[in-house]
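A.B. asks: Mind looking over this structure? Questions follow.
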Amino acid sequence: MKLTYFLLLACFCQVHASSYAQKVTLHEKNASLEKLIRNIEKQSGYVFFLDYSLMEQSKKISVDITEGTLQEAVDLCVRPFALTYTIVGKTIVVKQKAPEPADSIIEVHGKVTDVEGRPLPGVSVSVPGTRQGTVTSDHGDFVISVSPATKLHFSMLGYKASDIAVNGQKTLTVVLTLQNTSVNELVVVGYGTQRRGDVTGAIASVNTKTLEGTPIRSVDQALQGRVAGVTFVQNSGMPGAGSSIRVRGGNSINGSNEPLYVIDGVPVFADQGSDGTSLNPLNSISPTDIASIEILKDASATAIYGSRGGNGVVLITTNRGKRGDSRITFDSYYGSQQILKKYSLLNAAQFEQLANEASVAENGPVLYDLSKTPATTNWQDAIFRTAPIQSYSLSFSGADPKTRFLVTANYFDQQGIARGSDLKRYSLRANLDKDIRDNIKIGSSLTVSNVRTNRVNSGSLFTMATTAPNLPIYQPDGSFTELNNQGAPFDNPIALIDHYKNYNNVYRTLGNVYASVNITKGLTFKTLWGADVNFGRNDIYLPQAVYSGSQLGGNAAVSTNQTFTWLNENTLNYTMDRGGHQLNLLGGFTQQSSSYQSLGAEAQGFLNDNLGTNALGNAAAVQPSSSGIARWALLSFLGRANYSYKNKYLLTLTGRYDGSSRFGKNNRFGFFPSVAVGWKLDQEAFIRDLHVFSNLKLRVSHGLTGNQDGIGNYPSLDLMGKANYSIGNVNVIGLMPSQVGNPDLRWESTAQSDIGLELGFFDNRLTFITDVYYKKTSDLLLYVKIPTTSGFSTSLQNRGQVENKGIELTINATPLDKGVQWETGFNISFNRNKVLDLAGVDRLFAGQGPNQSTIVQVGQPLGTFFGFATEGIFRSKEEVDASAQKTAKPGDIRFRDINNDKKINDDDRVLLGNAQPKFSFGFSNTFSFKGFDLMVLLQGVYGNKLYNVNTNTLENLTGLQNQSTTTLNRWTPDNTNTNIPRATTVKPTARSWDRLVEDGSYLRGKTVQLGYNLSSATLQRIKLSTLKVYVNVQNLFTITNYSGLDPEVSRYGSDNVSPGFDSGAYPNARTISFGINASF
């Protein structure tokens, strides 16, 4: 009998244990208690017994458990409601948890820090299952009254959450570690945010924490070397100069190739400077104001911007106030800038010897007595200098239960490494968010800035390199030495630098206001009004103190421009989460308009230089003034649907319908759709059971985007222009056609396909992201030949095609996270660009390079150099006689006769390479230990060519200008084994040739920063929340074979046909700075 009883009991326990071991899966967001209970009953067969009033609680919770036990599932569902339960047979009895006796409540004091001991402000401290909680102060401290047996939950964005049992302790010290996974972080997408794990598009984020203390004047500089698929070139090192950015290659020949910049929801635009370098539209934004930077790369991410998304989109979000204590933050650094490299030039003795040799070679006289060589003048040292750079930023933030604000003031001052150049920026930013009611929120963002730049004359920087070194800068009486070239006077470069003025003064107001209303559960309406108001004035004065100015009696030019852009966006967002189905719908209507006005005046012939540009009416010759006005508008409807099933299968549908005033009446509207799917394989049981991947997601997308920038505001219309006529021997002003219209003109359209794979290992301490893409841009806007009977030779039409295809790889790892922390990242991008069609012709001579040095040709990349190939130099008279260059002499350049017609002419020109890199890369490492942190960033490009226009002058060997020291190895009768031609006063024919094309590959130590964070104990003594001091070095070293001053150069700015030209470019600088970051 006892044995029978024992066996029955054992059997019952086994069945009971087996029932408890049943697996329950719940993926619910914002679910009610009743919904959770019904789901468990359905899966387990158990029945819940409880007072129905307990299920009527309005609180909603989210539960995410896969194949958990019954008890685990019930725990997660009932405890947040302050309930307890017991299991009796197949019944689960739920009841209200008994309240704690008042005398058992204790007050717990604590501090929350990171692994380095730095206090963490803003950490949420809560009691699970209740509404009780608090937030840590600026010093990481908190106080909370709880039961001795309570568990406290600590959470903060970017850190792993932690649950700590109080166990009667009245003092707690809590350490939060950084969250290695990025799957759950929110990323900014067009018109909203999304959990990174649910993103189906190719979106890259820049870690803005790595920018702290980096002396960059503009936000776009933060992209260099940090994002796969993004190629960045600083066009010029001059303060305030623009940059050239390509997201997955260039798409257009005549249109813009720059990405769309969106700051707090408002697009901003750049104007092109008269010298080809763009005026940076981001100069008005202080980098210290930036909270996040996202780059949208594929069609799934960019189609929401439709006709402006073809070149990628850069979304910039500025800092906002947060809940918690008020805070004052101060950021500052002061640094010194130096030129990276100078030209290696001849000294006075070497120059005079070369000049004599060149003159004698053409039967001229000996020009200099070499026994009386004067001292060498180093013109480079006279122009380049060690220049300071400094920045000061002070911000105030605070909040109450319904209001959050942040105000930041910034002053930035950069003196250029070339005399006469500088930039000053004054900016004020204020962001405000206000909860009017539980379901209504309003807010605003406002930036007011003033940017003042002084730009040096672009020609003077190279003139200083070629000016004869045997001439002094000043005469004994202190006046500038007058210079001439074979009797032709030219400007003393130091006089030009010191007296030429080119001031640019820009006032900008960029802001928006918004209101958001939660209409009902899951349904939100948001409206936003934004404006970008820009006023600029440019004053240029060429004084009589320099030669060219003296010939004009001084020349003054003043121009002003005003731009007003307004934007209205209205969006409706619906979110639904039911039974494993998650749906987010976005619909919107936007309208944007921009107006531009300009005014210019110029005058010559002043009594003196005293008033500069302030008295144009006093000049002897006032030139005709100019003025202009332009407008454009954009009307759009947009929509996006994000669907997720069981957190495994993702679908994104996006579309935008744009109407633009810039295009022809027959094609004014266009539709830009995209579709993307994603599969979270790590959520599948057959992958999860491998226990290998912490993240495994496959993405596929395809879509269409457009381009409408860079072509002007009226390209589809017939235009009239001014013309002078003679009627009856009287000159009269009239009008004549200046542009033939095209009513069928439409967008340049880019179809892009993308396949992406995301992998994570070891709790995402090691991650890989790779994308393969193909882009084909059609309907390129090209100037196509038309019958001359129309009165015009060409018409703008949609006729061409260009493709880009490539591979991107990003690797991030955290090899060490205890004691010493080590985070490392590597990215590399391969892009191949090719022209597919040019309206039926094989090639076009285009671009801004000299002597038709660039060509657009079917089958070749944009930015291809074109010219003559050489075969060294002639070493003897016999070689000359056997060649096609019968008039050449030994020591002259030997050009290749490509078609063997015994002549050297334009038919012998060939492709000389292109400016597109084979790949670009970045490699970063950050080390932290006991308050110290070290950050190192390397970046570079490989396989691109640069066109060094400077070589034409620095190696012309005429003896009229100073030369590079490479000419010391020039051909002479005693030195025939060389590729440097002979010295001769005969100027070489102006040609584009292969010696001017050089390898532009480089590896640069972009950033090295060493910092120290004071310990929490020290901070408490000095009454600070945080304090960091650091030293930062930018452009520490550059490894390159390029002979110019800097391989990062683009003389013609963002011109996609003429990249990679170096013509007296203003070089980048090495910067060493010391800084401090403190908060109170």
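Reading the sequence shown from the start, the letters are residues -17 to -1, 1 to 1063 in mature numbering (1 follows the signal peptide of the UniProt record, and there is no 0).
Quick reminder that beta carbons are idealized off the backbone N, C-alpha and C, glycines included.
Would you kindly check if the distance between the Cβ of L634 and the Cβ of A624 is under 9 Å?
C.D. replies: For the purposes of this step, residue 624 is identified with residue 641 of the sequence shown, where counting begins at 1. For the purposes of this step, residue 634 is identified with residue 651 of the sequence shown, where counting begins at 1. A contact, by the Cβ cut-off of 9 Å.
A.B. asks: Return the Cβ separation of R412 and T430 in integer angstroms, given the expectation that the two are a contact with Cβ distance under 8 Å.
C.D. replies: Working through the sequence shown from its first residue, we reach residue 412 at position 429. Working through the sequence shown from its first residue, we reach residue 430 at position 447. With a Cβ gap of about 5 Å, R412 and T430 count as contacting.
A.B. asks: What residue ranges within the segment 480 to 515 form continuous beta strand (DSSP E) runs of no fewer than 3 residues, ordered along the chain?
C.D. replies: DSSP runs (the beta strand (DSSP E)) wholly in the segment 480 to 515: 484 to 503.
A.B. asks: Alpha carbon to alpha carbon, how far is G123 from F751?
C.D. replies: To locate residue 123, count along the sequence shown from 1; it is residue 140. To locate residue 751, count along the sequence shown from 1; it is residue 768. Distance between the alpha carbons of G123 and F751 is about 34 Å.
A.B. asks: Just checking my contact of A286 with P720 at CB under 8 Å: how many whole Å lie between their CB atoms?
C.D. replies: The residue you call residue 286 lines up with position 303 of the sequence shown. The residue you call residue 720 lines up with position 737 of the sequence shown. The pair is not a contact, with the Cβ atoms about 38 Å apart (cut-off 8 Å).
A.B. asks: Identify the continuous beta strand (DSSP E) that holds F367 and give its terminal residues.
C.D. replies: As a working note, residue 367 is residue 384 in the sequence shown. Neither: F367 is in no beta strand (DSSP E) and is coded neither H nor E.
A.B. asks: What are the start and end residues of each continuous beta strand (DSSP E) run of 3 or more residues lying completely inside the segment 948 to 986, in chain order?
C.D. replies: Correct list: 980 to 982.
A.B. asks: From what residue to what residue does the beta strand (DSSP E) around A796 run?
C.D. replies: The residue given as residue 796 occupies position 813 in the sequence shown. Counting along the chain, the beta strand (DSSP E) containing A796 begins and ends at 777 to 801.
A.B. asks: Under a three-way DSSP split, which group does G519 fall into?
C.D. replies: Residue mapping note: residue 519 aligns to position 536 of the sequence shown, counting from 1. It is a strand residue.
A.B. asks: When the distance is taken between beta carbons, is L328 closer than 9 Å to L937?
C.D. replies: Along the sequence shown, read from residue 1 onward, the residue named residue 937 stands at position 954. Along the sequence shown, read from residue 1 onward, the residue named residue 328 stands at position 345. Yes, Cβ-Cβ distance for L937 and L328 is below 9 Å.
A.B. asks: From this set, G739, T909, N22, T391, which residue's C-alpha is nearest G808's C-alpha?
C.D. replies: Within the sequence shown, the letter at position 825 stands for residue 808. Selected option, being the one with the closest Cα: T909.
A.B. asks: Any contact between the segment 874 to 890 and the segment 1002 to 1011? By contact I mean 3 or more CB pairs, one from each, below 8 Å.
C.D. replies: Output reads no: the segment 1002 to 1011 does not touch the segment 874 to 890.
A.B. asks: Alpha carbon to alpha carbon, how far is L582 from F857?
C.D. replies: Taking the sequence shown and counting its residues from 1, the one referred to as residue 582 is at position 599. Taking the sequence shown and counting its residues from 1, the one referred to as residue 857 is at position 874. The straight-line gap from Cα to Cα measures roughly 56 Å.
A.B. asks: Measure the alpha-carbon distance for N240 versus G532 and round it to whole angstroms.
C.D. replies: Taking the sequence shown and counting its residues from 1, one reaches residue 240 at position 257. Taking the sequence shown and counting its residues from 1, one reaches residue 532 at position 549. Approximately 37 Å between the Cα atoms of the pair.
A.B. asks: Tell me the start and end of each unbroken beta strand (DSSP E) in the segment 418 to 487 that is at least 3 residues and wholly inside, in chain order.
C.D. replies: Within the segment 418 to 487, the complete beta strand (DSSP E) runs of at least 3 residues are 423 to 437, 466 to 468, 471 to 473.
A.B. asks: Determine the DSSP secondary structure at R892, reduced to helix, strand or coil.
C.D. replies: Here the question's residue 892 lines up with position 909 in the sequence shown. R892: strand per DSSP, three-state reduction.
A.B. asks: What ranges does the beta strand (DSSP E) occupy inside the segment 896 to 937, keeping only unbroken runs of at least 3 residues that lie completely in it?
C.D. replies: Listed in chain order, the complete beta strand (DSSP E) runs (minimum 3 residues) inside the segment 896 to 937 are 902 to 912, 915 to 925, 928 to 931.
A.B. asks: Taking all protein chains shown into account, decide if M(-17) is buried (16 or more other Cβ within 10 angstroms of its Cβ) or exposed.
C.D. replies: For this step, residue -17 is matched to residue 1 along the sequence shown. Only weak support exists for where M(-17) lies, its pLDDT of 39 falling under 50; the coordinates are left without a value.
A.B. asks: Can you give the Cα-Cα distance for G1058 and D272, rounded to whole angstroms?
C.D. replies: The residue given as residue 1058 occupies position 1075 in the sequence shown. The residue given as residue 272 occupies position 289 in the sequence shown. Taking the straight line joining both Cα atoms gives about 17 Å.
A.B. asks: Verify whether the separation of the beta carbon atoms of V157 and P131 is less than 9 Å.
C.D. replies: As a position in the sequence shown, residue 157 is number 174, starting the count at 1. As a position in the sequence shown, residue 131 is number 148, starting the count at 1. No, these two residues do not count as a Cβ contact at 9 Å.
A.B. asks: Rounded to the nearest angstrom, what separates V46 and Y628 at their Cα positions?
C.D. replies: In the sequence shown, counting from the first residue as 1, residue 46 sits at position 63. In the sequence shown, counting from the first residue as 1, residue 628 sits at position 645. Those two C-alpha atoms are separated by around 15 Å.
A.B. asks: Rounding to the nearest angstrom, what Cα-Cα distance links F878 and L819 in this structure?
C.D. replies: Counting from one through the sequence shown, the residue named residue 878 turns up at place 895. Counting from one through the sequence shown, the residue named residue 819 turns up at place 836. Approximately 31 Å, taken between the alpha carbons.
A.B. asks: Leaving out five residues before and five after T49 in sequence, what residues of the same chain have Cβ atoms less than 6 Å from its Cβ?
C.D. replies: What you label residue 49 is simply residue 66 of the sequence shown in a count that begins at 1. Only T8 meet the Cβ criterion.
A.B. asks: Ignore the nearest five residues each way along the sequence and tell me which others in Q321's own chain have a CB closer than 7 Å to its CB.
C.D. replies: Residue 321 sits at position 338 when you count from the first residue of the sequence shown. Result list for Q321: T369, I400, A1052, R1053, in chain order.
A.B. asks: What residues in its chain sit with their C-beta under 7 Å from that of Y351, if we drop five residues either side in the sequence?
C.D. replies: Locating residue 351 in the sequence shown gives position 368, counting from the first residue. Same-chain partners within the cutoff: E335, A338, N339.
A.B. asks: Along the beta strand (DSSP E) that carries N1039, what are the first and last residues, could you check?
C.D. replies: Along the sequence shown, one-based indexing puts residue 1039 at 1056. Segment: none, N1039 is in no beta strand (DSSP E) and carries neither H nor E.
A.B. asks: Which first and last residues belong to the beta strand (DSSP E) in which K12 is found?
C.D. replies: Here residue 12 is taken as the residue at index 29 of the sequence shown, counted from 1. Residues 7 to 14.
A.B. asks: Does DSSP classify R639 as helix, strand or coil?
C.D. replies: As a first step, residue 639 is located in the sequence shown; it is residue number 656 there, counting from the start. The answer is strand: DSSP assigns R639 an E or B state.
A.B. asks: Under a three-way DSSP split, which group does M38 fall into?
C.D. replies: Position 55 of the sequence shown, counted from the start, is the residue given in the question as residue 38. Of the three classes helix, strand and coil, the one that applies to M38 here is helix, per DSSP.
A.B. asks: DSSP state of Y288, grouped into three classes?
C.D. replies: Mapped onto the sequence shown, residue 288 falls at position 305. In this structure, Y288 counts as helix in the three-state DSSP scheme.
A.B. asks: Could you check the C-alpha separation between Q722 and F379 for me, to the nearest Å?
C.D. replies: Your numbering for residue 722 matches position 739 in the sequence shown. Your numbering for residue 379 matches position 396 in the sequence shown. Computed Cα separation, rounded: 54 Å.
A.B. asks: On the three-state DSSP scale, how would you describe V824?
C.D. replies: By 1-based counting over the sequence shown, the position of residue 824 is 841. If DSSP states are grouped into helix, strand and coil, V824 belongs with coil.
A.B. asks: For E345, which residues of its own chain have a beta-carbon under 7 Å away from its beta-carbon, when the five flanking residues on both sides are left out?
C.D. replies: Along the sequence shown, read from residue 1 onward, the residue named residue 345 stands at position 362. Closer than 7 Å at the Cβ level, and outside the excluded window around E345, lie T967, T968, V969.
A.B. asks: Which value, in whole angstroms, describes the spacing of the CA atoms of G536 and G595?
C.D. replies: Counting from 1 along the sequence shown, the entry for residue 536 is found at position 553. Counting from 1 along the sequence shown, the entry for residue 595 is found at position 612. Straight-line Cα distance between these residues: approximately 12 Å.
A.B. asks: Between the segment 1006 to 1026 and the segment 983 to 995, are three or more C-beta pairs nearer than 8 Å?
C.D. replies: Yes, they touch.
A.B. asks: At the level of alpha carbons, what is the spacing between M703 and E1031?
C.D. replies: Numbered from its first residue, the sequence shown carries residue 703 at position 720. Numbered from its first residue, the sequence shown carries residue 1031 at position 1048. Approximately 41 Å between the Cα atoms of the pair.
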